[in-house]
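K.L.:
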Amino acid sequence: MKETKIFEKPKSMIDVTTHYCPGCTHGVAHRLVAEVIDELQIQERTVAVAPVGCSVFLYNYINVDSYEAAHGRAPAVASACKRLLPDSVVFSYQGDGDLASIGMAEIVHAANRGEKITVIFINNAIYGMTGGQMAPTTLVGQKATTCPLGRDPKLAGYPIRMCEMLATLQAPAYITRVSVAKPKYTIKAKEALTKAFQTQIEGKGFSFVEILSTCPTNWGMRPVDATNWLEEHMMPEFPLGVFKTPE
Amino acid sequence: MAKGRVGVNEERCKSCGLCVAACPMKVLRISDKINKKGYRPVEQFKEGCIACRMCAITCPDVVLEVFRLEDDKACNA
Amino acid sequence: MGKRFLMKGNEALAEAAIHAGCKYFFGYPITPQNEIPEYMSKKLPEIGGVYLQAESEVAAVNMIFGAAGTGKRVMTSSSSPGISLMSEGISYIAGAELPCVLMNVMRGGPGLGGILPSQSDYFQATRGGGHGDYRLLVLAPSTVQEAVDLTMLAFDLAEKYRNPVMVLADGFMGQMMEAVEFKETRAEGLPDPAEWAVGYMKQRGSRALIKSLYLDPEELEAHNWKLQAKYAQMAQHEKRFECYLMDDAEILIAAYGTVARIARTAINELRSEGVKVGLFRPITLFPFPYEPLENLPASVRQVLTVEMSCGQMVEDVRLAVGKERPVSMYGRVGGMTPSVDEIKDQVRKALGR
Ligand SMILES: Cc1ncc(C[n+]2csc(CCOP(=O)(O)OP(=O)(O)O)c2C)c(N)n1
Ligand code: SF4
Ligand code: SF4
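Protein chains in written order, with my numbering: chain A, 371 to 617; chain B, -18 to 58; chain C, 10 to 362.
(1) Here's the rule I'm using: 16 or more other beta-carbon atoms within 10 Å means buried, otherwise exposed. How should Y528 (chain A) be labelled?
(2) Between N57 (chain B) and the rest of its own chain, which residues show a CB-CB distance below 6 Å, the 5 nearest in sequence each way excluded?
(3) Quick one: what does DSSP say T85 (chain C) is sitting in, helix, strand or coil?
(4) Could you tell me if D130 (chain C) is buried or exposed, where buried requires 16 or more neighbouring beta carbons within 10 angstroms of its beta carbon?
(5) How would you call Q512 (chain A), buried or exposed, if buried means at least 16 neighbouring beta carbons within 10 angstroms?
(6) Is L222 (chain C) close to chain A? Criterion is C-beta to C-beta, closer than 9 Å.
(7) In chain C, which residues lie with their C-beta within 9 Å of the C-beta of C424 (chain A)?
(8) Can you look up R310 (chain C) in the DSSP assignment and give me helix, strand or coil?
(9) Nearest by alpha-carbon distance to P445 (chain A): which of A:D435, A:A543, A:L469 is it?
(10) Under 9 Å, do R334 (chain C) and V284 (chain C) count as touching if we go by C-beta distance?
(11) With which residues is N113 (chain C) paired in a DSSP beta bridge?
(12) R334 (chain C) bridges to which residues according to DSSP?
(13) Round the Cβ separation of V47 (chain B) and R(-7) (chain B) to the nearest angstrom and send it over; I've been treating them as touching at under 8 Å.
(14) Could you round the C-beta distance between F576 (chain A) and I487 (chain A) to whole angstroms and report it? I think they count as a contact, below 8 Å.
(15) In chain B, which residues lie with their C-beta within 8 Å of the C-beta of H396 (chain A)?
(16) Classify M16 (chain C) as helix, strand or coil using the three-state DSSP reduction.
(17) Might you give, ordered along the chain, the residues of its own chain that have their beta carbon closer than 6 Å to the beta carbon of E20 (chain C), omitting 5 neighbours on each side?
(18) On a Cα-Cα basis, can you pick out the residue from B:V(-13), B:I38, B:C(-3) that is closest to M591 (chain A)?
(19) Just to check my reading of the structure: S86 (chain C) and V114 (chain C) have Cβ atoms closer than 8 Å, yes? What is that Cβ distance to the nearest angstrom?
(20) Taking 8 Å as the cut-off, is the beta-carbon of S425 (chain A) closer than that to any non-hydrogen atom of ligand 1?
(21) Under 7 Å Cβ to Cβ from H232 (chain C), same chain only, skipping five residues before and after it: list those, please.
(22) So, under 8 Å CB-CB, N588 (chain A) and G502 (chain A) are touching, yes? Tell me the CB distance rounded to an integer number of Å.
(23) Which residues of chain C have a Cβ atom closer than 7 Å to the Cβ of L455 (chain A), listed in chain order?
(24) Consider the Cβ of V594 (chain A): report whether some Cβ of chain B lies at a distance smaller than 9 Å.
(25) Would the beta-carbon of I496 (chain A) be found less than 8 Å away from any heavy atom of ligand 1?
(26) Pick from C:R116, C:G36, C:V157: whose alpha carbon is nearest that of R13 (chain C)?
(27) Is the shortest distance between the beta-carbon of L45 (chain B) and the beta-carbons of chain A less than 9 Å?
(28) In the stretch 213 to 269 of chain C, which residue ranges form an unbroken alpha helix (DSSP H) of at least 4 residues, counting only runs that do not cross its ends?
(29) Taking only heavy atoms of ligand 1 into account, decide whether any of them is closer than 8 Å to the Cβ of G120 (chain C).
(30) Output yes if chain A places a C-beta closer than 9 Å to the C-beta of A58 (chain B); else output no.
(31) Let me see if you follow: with CB-CB separation under 9 Å, is T387 (chain A) close to chain C or not?
(32) Measuring only from the beta carbon, is P542 (chain A) closer than 8 Å to any heavy atom that is part of ligand 5?
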């Protein structure tokens, strides 16, 4: 018998155990990013901007030049870095609290300026790192530690759909929503990430990939149940699809 | 159908079970072993892997490697 | 002498930065410093640089964080309320040890305050402003020429110490027209950004990591002591000050920035009346030059601090002078300025004349 390896850890991933909770799909998103970096052969010119949130240690897992930005400000950091180093490939990786709450201004304006960066937005409908508080993307009725009875839209409004919102802007080139909850979605997510980085490399402008992701710990579910919950509850609220595509 | 095998980096496994659920052939399960972090790593407990990579694609911890197995003869042909 | 240009203070500050090799500016409009970004928006594209108007000071300072991480010379400018908004980012820049130049053309506060000149951000500038044990190197010019020289120096010092440097000016200096000369100077032996900045992974063979998070308390403590050691180096090597007619003075005025200039006129007039008065003018506010005040000439019997604040620098002056001699403070605030006559009156009053 001859054995051919058809799946292995991407080269640009650092060989360590992550700090993520068991079954947290942040890890899947990380791996996809690393695979794309390898396949496009851009490791030495890629710059990652990590957020504040569970993925603050992104740079412990992906071996590229990296910044750790202040909470919400990654798009500003990435914008400036890219403008000073136009040949580099700059991406930010941000959670929903980071991007859609405290960093709302930075993401909207980076998108509106058409910064030639790639933004990877992990929407897990909760604040993971701080222990499960309500996020701007928390679903109506979904329980969180700061909405113990479930999100009440009269008090806290409705979940924010970032892709739809950013797609109203003229400048962004590529906006898409994918998921990494199950392999069939993950395969598509990888295609989206590839396209997003290519959009940047080809100088076509701002690319934004929203990834629906699980937080089994703070959702209070077993990992497999979390992937099912994502499919049943998050996907109807945050439909997958392409909202803008480069010309 | 292709034949395959799954390699497990046991120390990295967090026993989340996502791969077990993702495997269409149901050849994976959580084992009785315990790794240094205190998790019970996954194992391939029977033949029948078709090298589809679904487990590896879904694993958040890049624990799994997947191999395609080919008869030497077929390969030489 | 080199070529001299008649320039408005704010524009001279901007041109000085360009002369120092700064090609990248990120900022947000606020009076009374708007001429700086306006000048940069015109000039930087002409020299292949980047001018970007950020959506806020919060974004601007984080753009500085991103830009400074590449090791290139970058700066922002703002005025008091904007600096408050930048404070979080400045703390991150200090924590990550990035070089950059920040300009604060101070206006009156608190809150929205006013748009007229002030010196009420002394505490904010010298004590950090944001969270954590960090320091900015703070330079306080008192003429437009000095603002030019110190701005150029600021870039060298920022690189030398990998630390943010603040040029603390006030609205007067920003608006004043004076003849200035741009002296081409650049320190030698500055650290090579290829050793630490992003963008050199291929050349260096390893990646750069720009961060300020140390979850391990031992590591964070070590990081803090490393920063403190750097501040101690600054204190040892970078203190700058001016003493004017101090040796035989009976009374010493301590003042910085524009106020020192007004005080100098008052001193000259008082001297012609036979009053023995001198000036101590700190040029670096951090590190504060305590030593001249700790070792005052025997003739000096008291010190009068004059500030456009309710009394901020006076705390450092008291710290240095100690209890042996009285230290008093005269301040005007809110955009009101101490006049030459007011200062003269204060001196006479203090001397009981
Ligand atoms: C200025 C500031 N405010 C608040 C925090 C605390 N904080 C850290 S992470 C976080 C939210 C993270 O949630 P999210 O962005 O959704 O990412 P996740 O952890 O879920 O991946 C908050 C509020 C902080 N670090 N800085
Ligand atoms: S708290 Fe949630 S988002 Fe954070 S690592 Fe755990 S599962 Fe993932
Ligand atoms: S998905 Fe990965 S971490 Fe989870 S049980 Fe399978 S091998 Fe282990």
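Glycine residues also receive a C-beta, built at the ideal position from the N, C-alpha and C atoms.
Computed from a predicted structure; not experimentally measured.
P.N.:
If we stick to the structure as given:
(1) Indexing the first sequence from 1 puts residue 528 (chain A) at position 158. By the 10 Å Cβ count, Y528 (chain A) comes out exposed.
(2) Here residue 57 (chain B) refers to the residue found at position 76 of the second sequence. Reliability fails at N57 (chain B), whose pLDDT of 48 lies under 50, so the model's placement of it is uncertain and the value that follows must be treated cautiously. Once the five neighbours on either side are set aside, N57 (chain B) has no close Cβ partner at all.
(3) Taking the first residue of the third sequence as position 1, residue 85 (chain C) is located at position 76. Of the three classes helix, strand and coil, the one that applies to T85 (chain C) here is strand, per DSSP.
(4) Position 121 of the third sequence, counted from the first residue, corresponds to residue 130 (chain C). Flag for D130 (chain C) reads buried.
(5) Numbered from its first residue, the first sequence carries residue 512 (chain A) at position 142. Classification for Q512 (chain A): buried.
(6) For the purposes of this step, residue 222 (chain C) is taken as residue 213 along the third sequence, with counting starting at 1. Yes, L222 (chain C) lies at the interface with chain A (some Cβ there is under 9 Å from its Cβ).
(7) Counted from its first residue, the first sequence places residue 424 (chain A) at position 54. Within 9 Å Cβ-Cβ: nothing; C424 (chain A) doesn't reach chain C, min ~13 Å.
(8) Taking the first residue of the third sequence as 1, we reach residue 310 (chain C) at position 301. Correct three-state label for R310 (chain C): coil.
(9) For the purposes of this step, residue 445 (chain A) is taken as the residue at position 75 of the first sequence. When each option's Cα is compared against that of P445 (chain A), the closest is A:L469.
(10) Residue mapping note: residue 334 (chain C) aligns to position 325 of the third sequence, counting from 1. Residue mapping note: residue 284 (chain C) aligns to position 275 of the third sequence, counting from 1. Going by beta carbons, R334 (chain C) and V284 (chain C) fall outside the 9 Å limit.
(11) By 1-based counting over the third sequence, the position of residue 113 (chain C) is 104. Per DSSP, C:S87, C:L177.
(12) Stepping through the third sequence from its first residue, residue 334 (chain C) is reached at position 325. Paired residue(s): none; R334 (chain C) is not in a bridge.
(13) Taking the second sequence and counting its residues from 1, the one referred to as residue 47 (chain B) is at position 66. Taking the second sequence and counting its residues from 1, the one referred to as residue -7 (chain B) is at position 12. Not quite, the Cβ-Cβ distance comes to about 15 Å (not below 8 Å), so this is no contact.
(14) For the purposes of this step, residue 576 (chain A) is taken as residue 206 along the first sequence, with counting starting at 1. For the purposes of this step, residue 487 (chain A) is taken as residue 117 along the first sequence, with counting starting at 1. Confirmed, Cβ separation roughly 7 Å.
(15) As a position in the first sequence, residue 396 (chain A) is number 26, starting the count at 1. Here the neighbours are P41.
(16) Start at 1 with the first residue of the third sequence, and residue 16 (chain C) comes out as number 7. DSSP places M16 (chain C) in strand when its eight states are reduced to three.
(17) Along the third sequence, one-based indexing puts residue 20 (chain C) at 11. Only E44, Y48 meet the Cβ criterion.
(18) Residue numbering aside, residue 591 (chain A) sits at position 221 when the first sequence is read from its first letter. Residue B:C(-3) is the option with its Cα nearest to M591 (chain A).
(19) Taking the first residue of the third sequence as position 1, residue 86 (chain C) is located at position 77. Taking the first residue of the third sequence as position 1, residue 114 (chain C) is located at position 105. Taking 8 Å as the upper bound for CB-CB distance, S86 (chain C) and V114 (chain C) are in contact here, some 7 Å apart.
(20) Start at 1 with the first residue of the first sequence, and residue 425 (chain A) comes out as number 55. Distances between the C-beta of S425 (chain A) and the heavy atoms of ligand 1 include at least one below 8 Å.
(21) Numbered from 1 along the third sequence, position 223 holds the residue referred to as residue 232 (chain C). Answer for H232 (chain C): Y223, listed in chain order.
(22) Here residue 588 (chain A) is taken as the residue at index 218 of the first sequence, counted from 1. Here residue 502 (chain A) is taken as the residue at index 132 of the first sequence, counted from 1. Contact annotation, N588 (chain A) with G502 (chain A): C-beta distance approximately 3 Å; criterion of less than 8 Å satisfied.
(23) On the first sequence, residue 455 (chain A) is found 85 positions in, with the first residue counted as 1. In chain order, T79, G208 make up the part of chain C whose C-beta sits under 7 Å from the C-beta of L455 (chain A).
(24) As a first step, residue 594 (chain A) is located in the first sequence; it is residue number 224 there, counting from the start. So yes, V594 (chain A) belongs to the interface.
(25) As a working note, residue 496 (chain A) is residue 126 in the first sequence. I496 (chain A): yes, Cβ under 8 Å from ligand 1.
(26) Indexing the third sequence from 1 puts residue 13 (chain C) at position 4. Among C:R116, C:G36, C:V157, the Cα nearest to that of R13 (chain C) belongs to C:V157.
(27) Translated into the one-based positions of the second sequence, residue 45 (chain B) becomes position 64. Residue-level contact by beta carbon holds for L45 (chain B) and chain A, with a gap shorter than 9 Å.
(28) Under the rule that a run must span 4 or more residues, the alpha helix (DSSP H) segments found entirely inside the stretch 213 to 269 of chain C read 226 to 246.
(29) As a position in the third sequence, residue 120 (chain C) is number 111, starting the count at 1. No, the Cβ of G120 (chain C) stays beyond 8 Å of every heavy atom of ligand 1.
(30) Position 77 of the second sequence, counted from the first residue, corresponds to residue 58 (chain B). Below a pLDDT of 50, predicted positions are generally treated as unreliable, and A58 (chain B), at 43, falls in that range; the measurement from the model is reported next regardless. It does not: the Cβ of A58 (chain B) has no partner Cβ on chain A nearer than 9 Å.
(31) Mapped onto the first sequence, residue 387 (chain A) falls at position 17. Not closer than 9 Å to any Cβ of chain C, the Cβ of T387 (chain A) fails to qualify, so no.
(32) Absence of ligand 5 is noted for the structure shown, with ligand 1, ligand 2 and ligand 3 being the only ligands found.
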